[in-house]
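Enquirer: Those protein sequence lines, which keep their order, are chains E and A.
The letter at position 292 of the first sequence is residue 276 when you use the working numbering, and the numbering goes up by one with no holes.
The letter at position 99 of the second sequence is residue 83 when you use the working numbering, and the numbering goes up by one with no holes.
The beta-carbon is built from N, C-alpha and C at its ideal position, and this holds for glycine as well.
The structure's right below; bear with me while I get my questions together.
Number of protein chains: 2
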Amino acid sequence: MDNFTFHNPVKLIFGRGKLEALTEEIPKYGNKVLLLYGGGSIKCNGIYDRIIEKLNEINSEVFEFTGIEANPKLSTVRQAIDVCKREQIELLLAVGGGSVIDAAKAIAAGANTETDIWDIITKKEKVTEALPIGTVVTIASAGSEMNASSVITNWETKEKKGWASPYTYPKFSVLDPVLTYSVPHEQTVFGIVDVMAHVLENYFHHTSNTPVQDGLCEAILREMIEAGPRLLENPKSYELRESVMLNAVLARNGMLNMGYKGDWATHEIEHAISAVHDIPHAGGIAILFPNWMRHVVDKNNTGRFKQLAVRVFDIDPEGKSDREVSLEGIAQLQEFWKGLGAPVSLKEYEIDESTLDEIADKTVSKSPEFGRFKRLTRHDSMNILRESLQEVGV
Amino acid sequence: MDNFTFHNPVKLIFGRGKLEALTEEIPKYGNKVLLLYGGGSIKCNGIYDRIIEKLNEINSEVFEFTGIEANPKLSTVRQAIDVCKREQIELLLAVGGGSVIDAAKAIAAGANTETDIWDIITKKEKVTEALPIGTVVTIASAGSEMNASSVITNWETKEKKGWASPYTYPKFSVLDPVLTYSVPHEQTVFGIVDVMAHVLENYFHHTSNTPVQDGLCEAILREMIEAGPRLLENPKSYELRESVMLNAVLARNGMLNMGYKGDWATHEIEHAISAVHDIPHAGGIAILFPNWMRHVVDKNNTGRFKQLAVRVFDIDPEGKSDREVSLEGIAQLQEFWKGLGAPVSLKEYEIDESTLDEIADKTVSKSPEFGRFKRLTRHDSMNILRESLQEVGV
């Protein structure tokens, strides 16, 4: 293992009926609450009304900011920061999935400073404080509810940037699996892909002595493979929603990668794609990940690929080369995601050769190489992107 | 899963050379530091000098309280509380293993109040604040460095009590595997047993839908079985000390039992024993656990026992009854601990029939039944204690 610091102060409040906890948690931070949410589905499924009811019980002064988009935009974040300043907001209550919570982190960091939030996101300026954030999770996917990370897209410059600060951990996050019953089929598929992809990004590393972290990664992947298809058949199963909701948190709260850092090249490429084309993050990831795997697997690193194939996909290695076992595992992952209904080619998002150069440029805009398990160049990005235009290997 | 709240704010600082972090962390909490430690081994192995050097670098005003015993005593805690009050201590720096850190939690909770600490420990009075605690772990075992729990023994009343409060989480814990190189052989054995026993106490529950938590438990147990004997041969192996140190934390930081509660009857019985006989905690646990397992396993609960046997001890269930598989797993656990050199009978601590009644009484002093996986009565305690007087089943 490598040296590490783990410090995750988020209070996770998990289970049926836990919306109740809002009345206890919110008053700790203030009375003026800015409710942040996305497209308004929470008004259709009753979650909005239930939250307003809780806020009224404790006499919160409630402001609302709605319309936070799937890849949250800098312009949206700036508008919400203006609201915070104008109304002297004391707590942000983010209701949604990764996008709303990611936006909340940027809004929180920008609310108490004259520094422009893009300068903070691009690390030109430092965060020194942030508004407290509470979250109510309605889409289990990103795991943003138990970490400090955020991804924001600047549409003026076509940049999608990940950033984090010690001040942007939510103070509390309410996770009631019931609140995800009405997540649409496609979003549910993306949630399953996203959780698995977060685990897989971590799983590919060269650090020694991580058997317990490996075991946790493999247990999450196996459970997602077991529960995922059943959930799509039974979208109102408490246990299956519960599994995805817990695993989304565990995949991104820092616990499974204690002592090592994962690869994350695939996320880098996906961020470049969705800075140019506004596609669903997990859709891009489902397409890219198997292609990244086939691109980087070689005789010096088959160990991790083989371990994944054997332990997660139950592939019998008997009589096969390590490379064969590895490729079987990759094919099974792709087949599994395809079977859920996830996309397999960028063409499904009407992306063709014409923008690949622009996307590849973006993957190396920060530095000429990226990815930790295997260092990639612009040339690698182009290859992976080209492979992602066709349905390969299935 | 059951509803749960997870909120663990400890900053874990893990790895080689991390003692360095003291100079950054301590000044956040104050200048007057009370250094707490046990029998003085840290003066022999150089850890004391290195810590003092760090404290001098930041001009801390250092006070010392030494002689905290293996089962920390209420009388010792009270003496240290007096020092805190007299010297207006601002931070406790606990250097040691579970005993010193457990004592620190009681000292911290008693330092800023006129309430007697025993009333807090016995839950007659509530904690409302506590001194901040930092820890430097020199014995990987209890995992006290990343939780709020503490066990204190009152020798006047012969009571050993576990308690916890939201205020007694350490602010930071420094875990450098190198600092455990000089842990004596017997203590290393006890550390391995203790970590495994904490996982096992959690593992036995009836809550459904915990596959990922199970996977984490099993990964820790397998790694302890793999690493434990090698560590005893190579006490200065960084990787093996690292494994035990991380697993000690994971076994007790609340992450592996998200959504369910473990049994903990064996700890209840061990606490009763060591309230009467001052024996090493993990020694008692090594003797009791297999006897608890054999006592409670029955046709309605073999599932967990069988899962343990198959997944952790690689027992082939083919052609065997569930009970046979379960008993084989129990025998292998006992054999493994015995092979490390852990005790198998209470007689090794010169305990005989004469005090069993007194011990059994203590197991039911709070309520007539205890243990969550299987409710036990005083009669059960007596049976398990009697079995623990002989070497059974090996």
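Looking at the C-beta of E/M(-15), does it have a partner C-beta in chain A at a distance below 7 Å?
Expert: yes
Enquirer: So E/I379 packs on E/G80, CB below 8 Å; how close in whole Å?
Expert: Here chain E has residues from -15 to 378 only, and residue 379 of chain E is not among them.
Enquirer: Return helix, strand or coil for A/V378, following the three-state DSSP convention.
Expert: Residue placement at A/V378 is flagged as unreliable, the pLDDT there being 43, under the threshold of 50; the coordinate-derived value follows with that caveat. Three-state DSSP puts A/V378 in coil, outside helix and strand.
Enquirer: Are there 16 or more other CB atoms within 10 angstroms of the CB of E/N186, so buried, or fewer, so exposed?
Expert: buried
Enquirer: Beta-carbon of A/V196 versus every beta-carbon of chain E: anything under 7 Å?
Expert: yes
Enquirer: Taking the CB atoms as reference points, tell me whether A/G355 and A/A249 lie closer together than 7 Å.
Expert: yes
Enquirer: Among A/P327, A/A132, A/E37, which has the Cα closest to the Cα of A/P154?
Expert: A/A132
Enquirer: Sorted by chain position, which residues of the same chain lie with C-beta nearer than 7 Å to E/Q374's C-beta, five sequence neighbours on each side aside?
Expert: S329
Enquirer: Rounded to the nearest angstrom, how far is the Cβ of A/E53 from that of A/G14, given a contact under 8 Å?
Expert: No, A/E53 and A/G14 are not in contact; Cβ-Cβ is about 27 Å, not under 8 Å.
Enquirer: Straight-line CA distance for A/V135 to A/S83?
Expert: Whole-angstrom Cα-Cα distance: 8 Å.
Enquirer: Please identify, using Cβ separations under 8 Å, the residues of the segment 190 to 218 of chain E that lie next to chain A, in order along the chain.
Expert: Considering only beta carbons, the part of the segment 190 to 218 of chain E lying closer than 8 Å to chain A consists of S192, N193, P195, V196, D198, G199, L200, E202, A203, I204, R206, E207, E210, in chain order.
Enquirer: Please name the residue in E/I263, E/K350, E/R278 whose C-alpha comes closest to that of E/E332.
Expert: E/I263
Enquirer: Entirely within the segment 94 to 163 of chain E and at least 3 residues each: give me those beta strand (DSSP E) ranges in chain order.
Expert: Runs of the beta strand (DSSP E) spanning 3 or more residues and lying entirely within the segment 94 to 163 of chain E occur at 117 to 121, 133 to 138, 143 to 148, 156 to 159, in chain order.
Enquirer: Residues in the segment 226 to 246 of chain E with C-beta within 8 Å of chain A's C-beta atoms, listed in sequence order?
Expert: E226, S227, L230, N231, L234, M239, M242, G243
Enquirer: What are the residues in the segment 0 to 26 of chain A lying within 9 Å of chain D by C-beta distance?
Expert: In the structure shown, chain D cannot be found, because the protein chains are E and A.
Enquirer: Can you have a look at A/V378 and say buried or exposed, based on whether 16 or more other CB atoms are within 10 angstroms of its CB?
Expert: Any reading at A/V378 is ruled out, since the residue's pLDDT is 43, under 50, leaving its predicted position unreliable.
Enquirer: Run down chain A in chain order and give the residues with a C-beta less than 9 Å from the C-beta of E/I52.
Expert: Result: empty, since nearest Cβ-Cβ is about 26 Å, beyond 9 Å.
Enquirer: Closest to A/S192 by CA distance: which of E/I335, E/E223, E/R206 is it?
Expert: E/E223
Enquirer: How do the segment 62 to 69 of chain A and the segment 88 to 99 of chain A stand: do at least 3 beta-carbon pairs fall below 8 Å, yes or no?
Expert: yes
Enquirer: Of all the CB atoms in chain E, is at least one closer than 7 Å to the CB of A/P301?
Expert: So, not an interface residue.
Enquirer: Can you grab the Cα-Cα spacing for the pair A/E4 / A/E226, in whole Å?
Expert: 18 Å
Enquirer: Do A/A293 and A/S305 come within 7 Å of each other at the CB atom, strictly closer than that value?
Expert: no
Enquirer: Assign E/P161 to one of two classes, buried (16 or more other C-beta atoms within 10 Å of its C-beta) or exposed (fewer than that).
Expert: Buried, because 16 or more other Cβ atoms sit within 10 Å of the Cβ of E/P161.
Enquirer: Report all residues from its chain with a CB closer than 6 Å to the CB of E/F297; omit the five preceding and five following residues, and keep chain order.
Expert: G313, Q316
Enquirer: Considering only residues of the same chain and omitting the five flanking positions on each side of E/S166, which have a CB-CB separation below 7 Å?
Expert: N29
Enquirer: What is the residue span of the beta strand (DSSP E) that A/I(-3) lies within?
Expert: Element bounds for A/I(-3): -5 to -2.
Enquirer: Taking 7 Å as the CB-CB cut-off, is E/P154 touching chain A?
Expert: no
Enquirer: When DSSP labels each residue in this structure, what does E/T(-11) get in the three-state scheme?
Expert: strand
Enquirer: Since E/F(-2) meets chain A, which of its residues come closer than 9 Å, beta carbon to beta carbon?
Expert: M(-15), N(-13), F(-12), T(-11), F(-10), M242, G243
Enquirer: On the criterion of 16 or more Cβ atoms from any shown chain inside 10 Å, does E/E143 qualify as buried, or is it exposed?
Expert: Buried, by the Cβ-count rule.
Enquirer: Do E/E371 and E/N231 have their C-beta atoms closer together than 7 Å?
Expert: Between E/E371 and E/N231, the C-beta gap is not smaller than 7 Å, which leaves the two residues out of contact.
Enquirer: Run through DSSP, which three-state label would E/E45 get?
Expert: DSSP, reduced to helix, strand and coil, places E/E45 within a strand of the structure shown.
Enquirer: According to DSSP, E/L224 sits in a beta bridge with which residue or residues?
Expert: Answer is none; E/L224 lacks a bridge partner.
Enquirer: Relative to the alpha-carbon of E/G267, which residue among E/I335, E/K12, E/C68 has its alpha-carbon at the smallest distance?
Expert: E/I335
Enquirer: Name, in chain order, the residues that DSSP records as bridge partners for A/F354.
Expert: A/L360
Enquirer: Once DSSP output is grouped into helix, strand and coil, what is the label at A/A326?
Expert: Looking at A/A326 - three-state DSSP - the assignment turns out to be coil, as it is neither helix nor strand.
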